[in-house]
Amino acid sequence: MFNNLPLLSHALSRRSALKGLAGGVALGALGATGASHALAADQPPHLPATVVASSPRFLCNAIAATRNGTLFLGAPRWETMDDTPGVFRVSADGTLQPFPGGTWNQWTPSADPATAFLMVNGLHIFSDDTLWVVDQGIDPTTNATVPGGQKLVQLDPQSGKVLQILRWGKDILPPGATMNDLRIAGDLMFVTDSGLGGIIVHNMRTGNTVRRLSEHPLLRATYAKPMIGRDGHIFRDKDGKRPLVHSDMLEITTDRKWFYFSTPIGPLRRLPTSALLDNSLTDAQRAEKIETVTDMPTMMGTAIDTLDNFYFADAERGRIMVLTPEKKKLVLFEDPRLVDGDALFITADRHMLVPIPQTERLPPNNAGVNALKPPFISLSFPLPESLHGHRLGNAASSL
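The opening residue of the sequence shown carries number 1 in full-length UniProt numbering; numbering runs sequentially from there.
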């Protein structure tokens with residue numbers, strides 16, 4: 001999910017979303033790429049969207065839910081958000097509770113980065129129903145990575161117990177590397193580096209970790225194409241400098257054959273997962289196996305389902321799109337509230353969760369002007385069984 005910058009008990013308007021939902025699950029009942037890949041002309045289906053999180057103070061760019069519907073939010077320490085606790089668990093009464101509590105949610109520049117969240121840029125829940133948090137370890141006052149601050153933290157979603165912390169040395173995270181997002185498939189964890197460009201593969205069974213395609217041009221963005229938000233808004237700071245975010249989004253097909261990746265401006269690319277795992281290959285040989293799938297508009301977040309439909313948040317037009325395995329782009333959901341919809345999450349009961357951090361309205365992306373418009377919301381809508389005759393699957397992350 002996009003991050004160009006190296007809620008304690010705020011109420012949520014979530015109570016209405018709790019009504020009538022079984023099991024306590026509070027989730028609610030492109031640019032042109034050639035004629036052969038044109039956007040579907042059909043209108044998107046009418047999908048009832050529910051606000052499942054709304055904070056008057058802290059924006060969130062990540063969201064995830066356990067199987068029983070416990071909702072978690074990731075709130076980065078971006079400009080104007082310096083006092084965020086980083087991670088929240090949403091209570092049944094609709095309040096945000098810092099999670100897991102204590103020092104983890106109370107970091108200051110003088111605090112120990114080993115047991116605190118500095119710059120949370122992602123969180124996810126996979127098949128074992130535990131919570132993983134991506135902490136980029138960046139001190140926003142200096143825009144520098146704090147030694148020992150960049151880490152992956154696994155937490156028990158009920159007790160808040162820290163189950164595991166992963167940190168790596170300069171061989172895996174060289175100076176300038178910034179972990180962005182992660183996916184887990186079986187024993188394997190895959191992490192993108194959006195600071196330099198690169199893919200980290202960690203074997204959770206053996207503990208072995210490798211870095212692949214480090215700073216390769218196919219994993220790096222260029223200034224040839226700007227990041228664009230709603231109504232043609234071009235991301236730039238007060239000096240006119242535009243953000244440059246490298247390998248960011250990643251998804252893995254259900255059969256684990258293909259690894260998809262992209263920068264926020266595209267294009268979407270893929271390579272065989274086996275190429276990332278084959279130690280006999282050089283990075284040059286791996287790069288030869290990379291395929292360009294399709295051009296993309298500016299996008300902030302992605303997801304994939306069990307039928308290998310690739311979902312992405314189109315920031316330019318305020319909609320959620322589906323890229324089918326046949327490379328058709330279908331409009332799934334449109335809403336005027338989708339201002340930079342970020343990391344997408346498909347729940348076990350087939351709802352799409354979309355955090356809306358209003359990234360383009362932050363001063364570093366809006367010519368130095370703070371145009372944020374609280375409250376900061378997250379939406380949920382049900383996935384239909386099919387879209388314009390094309391079947392949609394279930395949550396791949398729960399397999």
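Built from N, CA and C at the ideal position, the CB exists for glycine as well.
Put T283 into one of helix, strand or coil per three-state DSSP. The sequence given here has Asp at residue 283, not Thr. The answer is helix: DSSP assigns D283 an H, G or I state.
May I ask you to list the residues that DSSP assigns as paired with P355? The partner list for P355 (beta bridge, DSSP) reads S378.
Distance, L344 Cα to R183 Cα: If you take the alpha carbons of R183 and L344, they lie about 13 Å apart.
By the 10 Å Cβ neighbour count, where 16 or more other Cβ atoms means buried, how is K329 classified, buried or exposed? Its Cβ being crowded by 16 or more others within 10 Å, K329 is buried.
Where S54 falls: helix, strand or coil (DSSP): Reduced to three states, the DSSP call for S54 is strand.
Mind checking whether L383 and R361 have CB atoms under 9 Å apart? The answer is no: Cβ separation not under 9 Å.
Confirm, please, whether the CB-CB distance from M296 to residue 420 is below 9 Å. Nothing can be reported for residue 420, as the shown portion of the chain is limited to 1 through 399.
List in chain order: all unbroken alpha helix (DSSP H) runs of 4+ residues lying wholly within the stretch 283-367. You should have 283-288.
Which first and last residues belong to the beta strand (DSSP E) in which L182 is found? Its beta strand (DSSP E) spans residues M179 to A185.
Under 8 Å, with one C-beta from each stretch per pair, do the stretch 212-232 and the stretch 149-163 reach the 3-pair mark? No: fewer than three Cβ pairs fall under 8 Å.
Using the Cβ count rule (16 or more neighbours within 10 Å means buried), how would you classify V369? Taking all protein chains shown into account, V369 has fewer than 16 neighbouring C-beta atoms within 10 Å of its C-beta and is therefore exposed.
Would residue 439 and R67 be called neighbours here (beta carbons separated by less than 9 Å)? What is shown of the chain runs 1 to 399, which leaves residue 439 out entirely.
Would you mind working out which of D255, I165 and G149 sits nearest residue 400, comparing C-alpha positions? This structure cannot speak to residue 400, because the chain is shown only from 1 to 399.
Rounded to whole angstroms, what is the Cα-Cα separation between D342 and F310? Taking the straight line joining both Cα atoms gives about 14 Å.
Considering only residues of the stretch 166-248, which uninterrupted beta strand (DSSP E) runs meet the minimum length of 3 residues and lie entirely inside it, listed in chain order? Restricting attention to beta strand (DSSP E) runs no shorter than 3 residues, the stretch 166-248 encloses them at 179-185, 188-193, 198-203 and 209-212, ordered along the chain.
Backbone CA spacing between P113 and N121 [nearest angstrom]: Taking the Cα positions, P113 is about 15 Å away from N121.
Quick one, which of G229, R242, K238 and G232 has its alpha-carbon nearest T222's? Nearest Cα to T222 within the set G229, R242, K238 and G232: R242.
For the alpha helix (DSSP H) that L277 lies in, which residues bound it at each end? Looking at the DSSP string, the run of the alpha helix (DSSP H) that includes L277 is T273 to L277.
When we look at the beta-carbon of E288 and count the other beta-carbons within 10 Å, is it buried (16 or more) or exposed? Of the residues assessed, E288 falls on the exposed side of the cut-off, its CB having fewer than 16 other CB atoms within 10 angstroms.
Give a yes or no on whether the C-beta atoms belonging to I304 and Y260 are separated by under 9 Å. Closer than 9 Å, so yes.
Of all the options L131, D129, W132 and T141, which has the alpha carbon lying nearest to the alpha carbon of W107? Ranking L131, D129, W132 and T141 by CA distance to the CA of W107 puts T141 first.
How long is the line joining the alpha carbons of R230 and G240, rounded to whole angstroms? Approximately 18 Å, taken between the alpha carbons.
From the DSSP output, read off the bridge partner residues of A371. Paired residue(s): none; A371 is not in a bridge.
Please report the straight-line C-alpha distance between residue 400 and R270, rounded to a whole angstrom. There is simply no residue 400 to check, as the chain begins at 1 and stops at 399 in what is shown.
Taking V245 as the reference, give the member of L268, S194 and V293 with the closest Cα. Put simply, of L268, S194 and V293 the residue whose alpha carbon is nearest the alpha carbon of V245 is S194.
Below 8 Å on the Cβ atoms is my contact criterion, and I expect L338 with S380 to pass it. Report the Cβ-Cβ distance as a whole number of Å. Incorrect: roughly 13 Å between the Cβ atoms, too far for contact.
Within 9 Å, strictly: CB atoms of S54 and F376: For S54 and F376, yes; Cβs fall inside 9 Å.
Since I63 is in the beta strand (DSSP E), which residue starts that stretch and which ends it? Residues A62 to A65.
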